[in-house]
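Quick note: the sequence shown uses this note's numbering, first residue 47, plus one each step. Reading through the structure tokens given below for one structure.
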Amino acid sequence: MEPYELLDPDCPDAIAFGKATEAEVAIEGLVGEAAFRESLGRINVKALEHKKACARCRSFTPHSVPRDERSPVWGGATLGLLAGLVAGFFRPNYWATVLLSVAIGAIVGFVVGGLSWLLRRPR
Ligand SMILES: [Zn+2]
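This is the structure in structure tokens:
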């Protein structure tokens, strides 16, 4: 986890220094990937200081997102597998039906996971 992720995404001070740092890097003529990495490095240094100085960010606890992001895919695939094992009996090609159901379940799980990530993302 990057230090900037420890800050409250809605903290006005944190947003201000984040924007200021990006502007600073842009003025120095960096673009694209190089600019992104340079501002991230600087923001992380400031984030560590800010975390100690700001009451709002000190009380903020980041929730670990990556774990919940993956589970809908496995949940979907598992449901697809169960549905496929049953549906396969009624279809000409049993295992092709099972595989297709698992794939559809995983894709549905992936879409559901993606949507919930979009909704939870700080704007
Ligand atoms: Zn703050």
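Just so it is clear, CB atoms sit at the ideal spot from N, CA and C, and this is done for glycine as well.
Exercise. Got a sec: does ligand 1 put a non-hydrogen atom nearer than 7 Å to the Cβ of R102?
Worked result: Counting from 1 along the sequence shown, the entry for residue 102 is found at position 56. The answer is yes for R102.
Exercise. In angstroms, rounded to a whole number, what distance separates the CA positions of F135 and I89?
Worked result: Mapped onto the sequence shown, residue 135 falls at position 89. Mapped onto the sequence shown, residue 89 falls at position 43. Answer to the nearest angstrom: the Cα atoms are 57 Å apart.
Exercise. Which ranges does the beta strand (DSSP E) cover as unbroken runs of at least 3 residues, wholly within the region 64-99, from first to last along the chain?
Worked result: none
Exercise. On the three-state DSSP scale, how would you describe D59?
Worked result: Translated into positions along the sequence shown, residue 59 becomes position 13. Helix at D59.
Problem set entry | Contact belief for V91 with A81 at Cβ below 8 Å, rounded distance in angstroms | Counting from 1 along the sequence shown, the entry for residue 91 is found at position 45. Counting from 1 along the sequence shown, the entry for residue 81 is found at position 35. V91 to A81, Cβ: 16 Å. No contact.
Problem set entry | Proximity below 8 Å, CB of P118 to CB of V158 | Numbered from its first residue, the sequence shown carries residue 118 at position 72. Numbered from its first residue, the sequence shown carries residue 158 at position 112. Cβ distance < 8 Å, so P118 and V158 count as in contact.
Exercise. What's the call for H96, buried or exposed, on a 16-neighbour Cβ count within 10 Å?
Worked result: The count along the sequence shown starts at 1 and reaches residue 96 at position 50. Buried.
Problem set entry | Nearest residue (CA-CA) to E48, options E68, R83, P58 and A69 | To locate residue 48, count along the sequence shown from 1; it is residue 2. Nearest option by C-alpha distance: R83.
Exercise. Are the Cβ atoms of P108 and E51 separated by less than 8 Å?
Worked result: Reading the sequence shown from its first residue, position 62 is the one you call residue 108. Reading the sequence shown from its first residue, position 5 is the one you call residue 51. Yes, these two residues count as a Cβ contact at 8 Å.
Problem set entry | Contacting residues, own chain, Cβ-Cβ under 8 Å from T124 (five flanking each side not counted) | Working through the sequence shown from its first residue, we reach residue 124 at position 78. G151, listed in sequence order.
For this session: Quick one: grab the DSSP three-state call for E143.
Result: Along the sequence shown, read from residue 1 onward, the residue named residue 143 stands at position 97. Position check: residue 143 holds Thr in this sequence, whereas Glu was assumed. Note: T143 maps to helix in three-state DSSP.
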